[in-house]
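Down below is the structure, laid out as structure tokens.
Residue numbers (the numbering used here): 5 to 689.
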């Protein structure tokens with residue numbers, strides 16, 4: 005779950021509690037938004053330095069074993085370490101909740117589930133492993149320039165989305181009664197779609213109408229809906245002009261970044277180590293060759309990969325390929341070299357090229373060459389007045405009499421078409437091309453069929469009376485004979501209302517509603533203009549919206565749970581504390597064997613610790629069970645060796661902090677001298 009979704013749903017009371025925390029208060033007082041603070045490196049470094057060793061330890065546990073996968077308290081405890089008691093685990097985790105590192109959601113039956121946001125995991129990984137250790141990677145010499153290419157170049161998700169938008173504008177997207185696109189649309193869109201469906205299969209996506217849509221098409225249609233570029237109606241998907249204008253006003257680089265964020269959020273792997281692998285992958289530079297084995301080696305060196313044997317390591321390599329790398333290659337972000345390695349082709353973090361925008365090259369044979377750096381808005385308008393012949397590193401469009409007629413029918417004028425080609429062409433248009441275009445477009449509009457409606461009145465006297473009605477005369481476009489008028493479709497309702505007010509009781513026409521042909525929208529923004537509305541609702545829509553409007557199903561239902569509005573208090577970790585004798589918590593004492601037994605049983609129930617003084621030395625013991633033994637009893641558990649602070653502080657080597665070792669013990673009832681009950685957070689200072 006993304007942090008943007010969480011902060012958008014955050015209850016005011018929870019926001020105020022987090023904003024008042026000393027870790028964030030000074031920044032928020034200066035007007036900094038909490039969303040930025042929770043991922044800002046400087047803020048996180050301050051938070052890390054203020055965290056207790058126990059909180060740092062639990063954060064590592066969550067990052068390494070849970071990642072961004074939702075989890076409950078039981079799952080967290082099962083992933084705990086022998087050197088960490090249940091009470092210590094709960095105390096450290098409470099600190100993470102109070103710091104806004106982890107968030108709680110409440111299921112309908114009251115059970116809590118916890119989430120570490122995606123952006124938070126990435127920010128902490130970058131902070132706690134700021135420099136990637138050498139992993140045998142080399143800078144490759146890719147077959148083409150790497151970086152952020154325009155989406156008109158070759159195949160990729162952004163390119164396929166663009167082609168689907170052009171198709172929808174030209175031919176419409178009619179629906180069947182079952183709610184799916186008509187088979188002819190599915191067939192045409194699938195034929196034009198160049199995504200590798202087999203490679204996409206490793207992501208194990210589930211989606212609506214899986215029996216009707218091929219996977220590669222479902223991915224593109226999901227983007228249409230999730231970005232609200234198309235809105236489902238009763239019988240068709242309708243392009244949304246404002247959303248379309250916002251989308252096409254973005255640079256190709258920004259489009260790819262938003263599509264990548266949307267894809268990543270939907271398909272983030274369930275295994276924490278795979279999530280870390282994906283984050284590490286994003287940190288590699290364009291042109292830096294890597295393999296699955298390289299990523300696993302980096303993970304292990306950085307401390308984010310649990311140890312495994314050779315067989316499990318081979319399985320990890322294979323699963324990383326299928327689940328992460330191959331789908332990213334199929335969608336155009338990665339480029340395989342055919343020998344098991346990859347490089348970034350479209351890096352989601354790459355800066356946009358600041359050089360001049362590319363221009364069209366109009367050929368004498370009426371073909372138009374489109375370099376990859378031509379802006380999206382220009383490609384969109386070109387799609388209206390020319391047909392795509394081939395999409396490769398250099399896309400090729402073809403002008404014809406039919407394509408120009410289509411553009412004219414979609415409210416473009418001959419003057420606008422000519423001005424568009426002149427303005428966006430790299431070279432001057434060939435004379436014969438310009439002359440031919442003018443000849444092709446000149447007859448348009450000299451004869452015209454228009455949709456109109458006939459208003460038929462009973463007789464000439466009624467016609468004269470209606471013509472005098474207030475609010476009616478302006479809608480009677482043209483008289484036909486003595487008792488009929490031609491009116492425009494848009495005049496039906498106001499004229500109907502005027503006649504009703506006059507008491508005529510008109511018969512409502514049986515209108516089917518508009519032409520059948522799709523309308524190719526004109527952008528509401530000038531070509532190349534960046535839309536300024538990239539925050540708030542518009543930004544959330546372009547970056548994935550609510551996650552409920554696409555075809556692809558999310559693996560998790562956390563988004564449907566209610567967000568917990570309160571933060572846990574340390575005192576609530578021990579609901580039985582009021583029943584515990586105060587002396588058990590205050591002082592070392594030599595207790596009667598029966599009292600010792602009670603204290604041990606209490607520690608086991610509360611999953612907490614005992615401090616035991618034995619042979620002149622103090623031991624921290626997490627008891628596991630009591631066993632009767634030859635008329636007496638014995639305690640088994642883990643003895644902790646506490647060495648926090650042995651390593652330097654700060655964040656230079658965060659995973660190397662020494663927390664000590666654990667030794668399994670089995671002590672008889674009379675083997676120690678004194679003891680007391682230890683409740684972390686209460687009497688452990």
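C-beta: ideal position from N, C-alpha, C; glycine also.
Computed from a prediction, not measured in an experiment: that's the story for all the values here.
In the three-state DSSP reduction, residue 676 falls in the coil class, being neither helix nor strand. At the C-beta level, residue 203 and residue 70 stay beyond 7 angstroms of one another. The C-beta separation of residue 569 from residue 22 comes to about 11 angstroms, leaving the pair out of contact by the 8 angstroms criterion. Secondary structure of residue 308 (DSSP, three-state): coil.
Per DSSP, residue 328 lies in no alpha helix (DSSP H) and is assigned neither H nor E. For residue 53, the number of other beta carbons within 10 angstroms of its own is below 16, and it is reported as exposed. Nearest to residue 398 by alpha-carbon distance, out of 425, 481, 363 and 33, is 363. When 439, 481, 465 and 630 are compared, the shortest CA-CA separation from residue 459 is found for 481. Cβ contact annotation for residue 565 (same chain, cutoff 7 angstroms, sequence separation greater than five): 109, 110, 111 and 117, in chain order. For the options 380, 393 and 360, the alpha carbon positioned closest to that of residue 373 is the one of 393. Residue burial is scored here from C-beta neighbours: residue 226 has at least 16 other C-beta atoms within 10 angstroms and is therefore classed as buried.
The region 585 to 603 makes contact with the region 675 to 682, as at least three CB pairs between them are under 8 angstroms. By the C-beta density criterion, residue 310 is exposed, having fewer than 16 other C-beta atoms within 10 angstroms. Per DSSP, residue 166 is one residue of the alpha helix (DSSP H) stretching across 161 to 175. In this model, residue 186 and residue 238 are separated by some 14 angstroms (Cα to Cα). Around the C-beta of residue 426, fewer than 16 other C-beta atoms lie within 10 Å, and the residue is accordingly described as exposed. With fewer than three CB-CB distances shorter than 8 angstroms, the region 299 to 318 does not count as touching the region 260 to 269. Within its own chain, the residues whose Cβ lies closer than 6 angstroms to the Cβ of residue 194, once the five positions on either side in sequence are excluded, are 218 and 221, listed in chain order. Our two residues, residue 466 and residue 497, have alpha carbons roughly 19 angstroms apart in a direct line.
Here the C-alpha atom of residue 371 lies approximately 22 angstroms from the C-alpha atom of residue 169. Beta-bridge partners of residue 340 (DSSP): 346. Rounded to the nearest angstrom, the gap between the Cα atoms of residue 502 and residue 475 is 6 angstroms. Nearest neighbour of residue 347 by Cα position, chosen from 288, 360, 386 and 307, turns out to be 288.
In the structure shown, residue 588 falls within a helical segment according to DSSP collapsed to helix, strand and coil. When the five nearest sequence neighbours on each side are left out, the beta carbons in the same chain lying within less than 6 angstroms of the beta carbon of residue 589 are those of 681 and 687, in order along the chain. In the DSSP assignment, residue 245 falls within the unbroken alpha helix (DSSP H) covering 245 to 253. Contact between the region 118 to 136 and the region 41 to 49 is established, with three or more Cβ pairs separated by less than 8 angstroms.
When 106, 438 and 410 are compared, the shortest CA-CA separation from residue 423 is found for 438. By the Cβ test, the region 335 to 349 is not in contact with the region 209 to 217, since fewer than three Cβ pairs between them sit closer than 8 angstroms.
Here residue 183 is exposed: its Cβ has fewer than 16 other Cβ atoms, across all protein chains shown, within 10 Å. Within the same chain, Cβ atoms closer than 7 angstroms to the Cβ of residue 101 are found at 108, 571 and 572, the five residues on either side in sequence being excluded.
Annotation for residue 220: the continuous alpha helix (DSSP H) segment containing it runs 219 to 230.
Pairwise C-beta distances place the region 373 to 383 out of contact with the region 411 to 420, as fewer than three of them are shorter than 8 angstroms. Within 10 angstroms of the beta-carbon of residue 624 lie 16 or more other beta-carbons, which makes it buried. Ranked by Cα distance from residue 134, the options 441, 307, 558 and 322 are led by 307.
Residues of the same chain with a CB within less than 7 angstroms of the CB of residue 50, apart from the 5 flanking positions on each side, are 27 in chain order.
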